[in-house]
Amino acid sequence: MFTDSVELTVSSGKGGQGCVAFRREKFVLNGGPNGGDGGKGGDVWFKCDNNTHTLSHFQRKMHIKAENGRPGEGSNCTGKSGAKKVIIVPPGTQIVDVESGEVLLDMVEDGQEVKFLEGGKGGLGNTHFKSPTNQRPTYAQPGEKGETRKIKLDLKLIADVGLVGFPNVGKSTLISTVSNARPEIANYEFTTLTPKLGQVNIGDYESFVMADIPGIIGGAHEGKGLGIKFLRHIERTKTLLFMIDLASYRDLKEQIEVLKDEVASFSEKLGTSKYAIALTRVDIVPPEDLTNLVTNFIEMLGLTPSKQSEFEFDNELPYFIQESADETLGFEREKPYFIAPISSATHKNIEPLKYALFNLVQSDRK
Numbered sequence: 005m006f007t008d009s010v011e012l013t014v015s016s017g018k019g020g021q022g023c024v025a026f027r028r029e030k031f032v033l034n035g036g037p038n039g040g041d042g043g044k045g046g047d048v049w050f051k052c053d054n055n056t057h058t059l060s061h062f063q064r065k066m067h068i069k070a071e072n073g074r075p076g077e078g079s080n081c082t083g084k085s086g087a088k089k090v091i092i093v094p095p096g097t098q099i100v101d102v103e104s105g106e107v108l109l110d111m112v113e114d115g116q117e118v119k120f121l122e123g124g125k126g127g128l129g130n131t132h133f134k135s136p137t138n139q140r141p142t143y144a145q146p147g148e149k150g151e152t153r154k155i156k157l158d159l160k161l162i163a164d165v166g167l168v169g170f171p172n173v174g175k176s177t178l179i180s181t182v183s184n185a186r187p188e189i190a191n192y193e194f195t196t197l198t199p200k201l202g203q204v205n206i207g208d209y210e211s212f213v214m215a216d217i218p219g220i221i222g223g224a225h226e227g228k229g230l231g232i233k234f235l236r237h238i239e240r241t242k243t244l245l246f247m248i249d250l251a252s253y254r255d256l257k258e259q260i261e262v263l264k265d266e267v268a269s270f271s272e273k274l275g276t277s278k279y280a281i282a283l284t285r286v287d288i289v290p291p292e293d294l295t296n297l298v299t300n301f302i303e304m305l306g307l308t309p310s311k312q313s314e315f316e317f318d319n320e321l322p323y324f325i326q327e328s329a330d331e332t333l334g335f336e337r338e339k340p341y342f343i344a345p346i347s348s349a350t351h352k353n354i355e356p357l358k359y360a361l362f363n364l365v366q367s368d369r370k
């Protein structure tokens, strides 16, 4: 089961009690105090691990606690320190304070390990309190209490490209075609109920990660449909691929306007991300209508269809791709980097699409 948000209470361990003890040995006169210190309480750590992809293993854990320190013992023996508690989370997990809403930690890199709560100090044994005027102290310190905090774990997937589209436009089919992801695919809306990640390989040594989220409908940022629950999974994504269904009952202009409005309403930063547009299902649109449909869509956005491209889009159908206009950005952000008609079923323009997306991703990595 995919879980992307849980609330927990986490506590570090309490320090061990200091010991009250006195030296008692044969032939040793007037043995003094020799109570040892208590052990330190265990710390709480968070560790990021690529082998974890969901927060579902926290569902039944309401309180996670590190081990307490052991009490001190006689003969000046210090108690054993409590074992630290390492909480393993998937990349993209934010640790948020429940009361203030403050983001306390952001776990994004595999192997990243951060101490979150410090364990309590162990109490001092009575040997520390001896003095010329108090040669027989009969008291020791209690251990310090550990820290306790109520937190929420929020998982936001980390991907290079996020797929955005209405339900049943072919997002799952595309990600299963170009990557190693195997989402459920069916001919009804909201087939995808949980986000999916897939690695898209470009040659032998290059790749990028693509995220597929459940379909978006008008009002998603207000909670309609699957709404805001999954829009946040593309919040970290710097590149968006809007998927527009050529065979949908929805008007093409309506699709792109609603999708862009929903993304911008959810996150202002996401609304200014680089983006491209894939026009899907060219294989089921009548050939006599297809060229005009694609041309009219490109022109409706105030753009001119392209004739040549380094990515070798199929020239049988019109498409659009920006030429480098700026040495820093490489293109104008307010316009799509490319508009390409594709078919995942027949693999039409799929390879050029992969390379064009990779080129867009690379501009952020430089």
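Going by our numbering, the sequence shown opens with residue 5, and the numbers climb by one from there. C-beta atoms are modelled at their ideal positions from N, C-alpha and C, and glycine is treated no differently. Nothing here was measured: the structure is a model prediction, and the numbers come from that model.
Of the residues the options, the one placed nearest residue i, counting alpha carbons only
i, options, result
"phenylalanine 133", "Lys18, Cys23, Ala251 and Pro309", "Cys23"
"arginine 74", "Asp101, Gly124 and Thr97", "Gly124"
"isoleucine 99", "Thr276, Leu109, Leu167 and Asp8", "Leu109"
"methionine 111", "Gly19, Lys154, Lys88 and His57", "His57"
"phenylalanine 62", "Val118, Glu151, Asp41 and Lys156", "Lys156"
"alanine 344", "Ser313, Thr308, Gly306 and Leu283", "Leu283"
"proline 218", "Lys200, Phe212 and Asn205", "Lys200"
"methionine 304", "Gln259, Arg153 and Lys51", "Gln259"
"aspartate 8", "Asn34, Val93, Lys18 and Asp47", "Val93"
"threonine 308", "Leu297, Glu338 and Ile325", "Ile325"
"lysine 154", "Ile346, Val10 and Phe342", "Val10"
"aspartate 114", "Glu103, Pro141, Ser85 and Phe50", "Phe50"
"glycine 86", "Ser104, Ser16 and Ala144", "Ser16"
"threonine 142", "Ser104, Val173, Gly105 and Pro37", "Pro37"
"alanine 70", "Gly19, Glu327 and Leu274", "Gly19"
"phenylalanine 342", "Thr241, Gly83, Ser211 and Met247", "Met247"
"isoleucine 346", "Glu261, Thr276, Asp265 and Leu250", "Leu250"
Three-state secondary structure (DSSP) of residue i
i, result
"glycine 275", "helix"
"isoleucine 92", "strand"
"histidine 67", "strand"
"serine 367", "helix"
"glutamate 258", "helix"
"glutamate 235", "Correcting the residue type first, residue 235 is leucine in the shown sequence and not glutamate. If DSSP states are grouped into helix, strand and coil, leucine 235 belongs with the helices."
"isoleucine 354", "helix"
"valine 289", "coil"
"aspartate 330", "Legend: pLDDT at aspartate 330 = 44, less than 50; position of this residue unreliable, no value from coordinates given."
"tyrosine 359", "helix"
"leucine 307", "coil"
"aspartate 110", "strand"
"isoleucine 99", "strand"
"asparagine 138", "strand"
"lysine 84", "coil"
"phenylalanine 270", "helix"
"serine 79", "coil"
Alpha-carbon to alpha-carbon, residue j and residue i
i, j, result
"methionine 66", "threonine 13", "6 Å"
"phenylalanine 26", "glycine 78", "7 Å"
"asparagine 319", "phenylalanine 120", "56 Å"
"asparagine 54", "methionine 214", "16 Å"
"phenylalanine 301", "serine 252", "14 Å"
"threonine 299", "serine 367", "28 Å"
"leucine 235", "leucine 159", "12 Å"
"glutamine 139", "cysteine 81", "19 Å"
"glycine 207", "phenylalanine 362", "11 Å"
"isoleucine 189", "leucine 244", "Residue placement at isoleucine 189 is poorly supported in this model, since its pLDDT is 47, which falls under 50; the coordinates still yield a value, given next. Isoleucine 189 and leucine 244: Cα-Cα distance of roughly 21 Å."
"glutamate 316", "isoleucine 68", "55 Å"
"tyrosine 323", "alanine 360", "13 Å"
"glutamine 116", "valine 90", "12 Å"
"arginine 285", "threonine 295", "13 Å"
With 16 other Cβ atoms within 10 Å as the buried cut-off, status of residue i
i, result
"histidine 237", "buried"
"glutamine 21", "buried"
"lysine 447", "Residue coverage of the chain in this structure runs from 5 to 370, which leaves residue 447 outside it and unanswerable."
"glycine 202", "buried"
"glycine 96", "buried"
"glutamate 336", "exposed"
"asparagine 184", "exposed"
"aspartate 164", "buried"
"valine 118", "exposed"
"serine 348", "buried"
"lysine 30", "exposed"
"glutamate 338", "exposed"
"glycine 76", "buried"
"lysine 358", "buried"
"glutamate 266", "buried"
Legend entry - Sufficient close CB pairs (3 or more, under 8 Å) joining the stretch 344 to 362 to the stretch 168 to 180: yes
Inset, instruction - Evaluate contact between the stretch 35 to 52 and the stretch 125 to 145, counting only Cβ atoms and requiring at least three cross-stretch pairs below 8 Å. - result: yes
Inset, instruction - Take every Cβ of the stretch 135 to 150, pair it with every Cβ of the stretch 158 to 177, and state whether three or more of those distances are shorter than 8 Å. - result: no
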